[in-house]
Amino acid sequence: IKKIILDTDPGIDDVMAIMFAEAHPEVELRAITTIFGNVTIDTATHNALYLKEKYQLKADVVKGADKPLVRPPVGPSVVVHGESGFGDVEVPNEVEAVADPRSAHQYIIDAVKAEPNEITLVAIGPLTNLALALQAEPEIVNLVKEVVIMGGAFGVNDHRGNVTPYAEANIHDDPHAADIVFSASWPVVIIGLDVTEQSFFTGDYLEQLRDDAGELGQFIWDVSRFYLKFYRDKVGLDACHVHDPSAIAYVIKPDLFTLREGPVRVVTEGPAEGMTVQKFDGRKYLHDDWENHTPQRVGVAVKDAELLKLYRQCI
Ligand code: BDR
Ligand code: CA
């Protein structure tokens, strides 16, 4: 059993990922920590509480940071995820489930101290909560089993960005936090656009899920209407990329992915703000402080057909 804390900004593909983690028998979804990003922190937390209630999730819901560490907030991505965060699906104003009183970063610190080397942190939104946890308690680098992140783009197959030519949304929303998380001496696996843009949920795939997977299949279909329309109108695709669920797929079945090792940094300012870069050539350069950074692993290839099959079977 893999115990995970899922840090998320729900978000359409976040819902797809949360329910994937919840449904898989080898994953124990301990907590959903929320973060601003696709929606505001209040909407993110409300949406997580709504899911907790709707699907009777055992996971605690914990509210996280409302803004990036340093850069000015970018603001919610209404065009991609809709006003509610769930596309055209309206979320009721009142939910009965309540959030844990702690802040997300304190919850993470407490959880990993209580169970050293048992918990995997999976982050599918901006990395502010993880950076705050590292700043408040640097010792957690030795207590977390693994950190799995959906974010970034490393130029493999020319994948470089989705919100600017050189930045992916989660990293662009808080580049300073991402640089702290990637530079820390804990084991990080980064599932970026290089792999998430290699897998596609087509209209037909989602339709089959709707027809075969009961109420959950219908819900995933309902939230995906708006997302698919965004992809059709703005990206020119008759499908959507499989971003956040790919991070969960890695947790369940790591060998779906080919990883490349080397230190990772983030550009925190200027026109390439939010760009992720990895040094993997082993060469010694004249001015090079990269060697002082922990080698992390970056996804460079994915068995997409197997991933889609795993998701379908699980849901
Ligand atoms: C990431 O940004 C968000 O829009 C998605 O939820 C995903 O986490 C993809 O770039
Ligand atoms: Ca997300």
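Taking UniProt numbering, the leading residue of the sequence shown gets 2, the next gets one more, and so forth. The beta-carbon is built from N, C-alpha and C at its ideal position, and this holds for glycine as well.
The residue among G76, V62, D61 with its C-alpha nearest the C-alpha of K68 is G76. Inclusion of M151 in the 7 Å shell around ligand 1 follows from its C-beta lying nearer than that to a non-hydrogen atom of the ligand.
Secondary structure at Q107: helix, using DSSP grouped into helix, strand and coil. By the C-beta criterion, the region 235-242 is judged not to be in contact with the region 109-120, since fewer than 3 inter-stretch pairs fall below 8 Å.
Remark: the C-beta of G38 is in contact range of ligand 2, defined as less than 7 Å to any heavy atom. Here the region 191-206 does not lie against the region 31-38, with fewer than 3 beta-carbon pairs under 8 Å apart.
Each residue's CA atom was taken as its position, placing G193 and D61 some 27 Å apart. Membership of A240 in the beta strand (DSSP E) is indicated by the continuous run 240-242. Judged by DSSP in its simplified three-state form, V190 adopts strand. Between L257 and V303, the C-beta gap is smaller than 8 Å, which places the two residues in contact. Judged by DSSP secondary structure, Q219 falls within the alpha helix (DSSP H) whose first and last residues are 215-231. In this model, L311 and H160 are separated by some 24 Å (Cα to Cα). Within the same chain, and ignoring the five residues on either side of E27 in sequence, the residues whose Cβ sits closer than 7 Å to its Cβ are I2, K3, I253. For V81, the shortest separation between its Cβ and any heavy atom of ligand 1 lies below 7 Å.
As DSSP reads the structure, T34 sits in a beta bridge with D8, V63. Residue pairing of E262 in beta bridges, as defined by DSSP: R298. Beta-bridge analysis with DSSP links E29 to K4.
Between D14 and T34, the C-beta gap is not smaller than 8 Å, which leaves the two residues out of contact. Annotation: H294 to D212 spans about 48 Å, alpha carbon to alpha carbon. The distance from the Cβ of G86 to that of N130 is about 17 Å, inconsistent with a contact at the 8 Å cut-off. With a beta-carbon spacing of about 15 Å, H177 and A134 fall beyond the 8 Å limit used to define contacts. Around the beta-carbon of P246, 16 or more other beta-carbon atoms lie within 10 Å, marking it buried.
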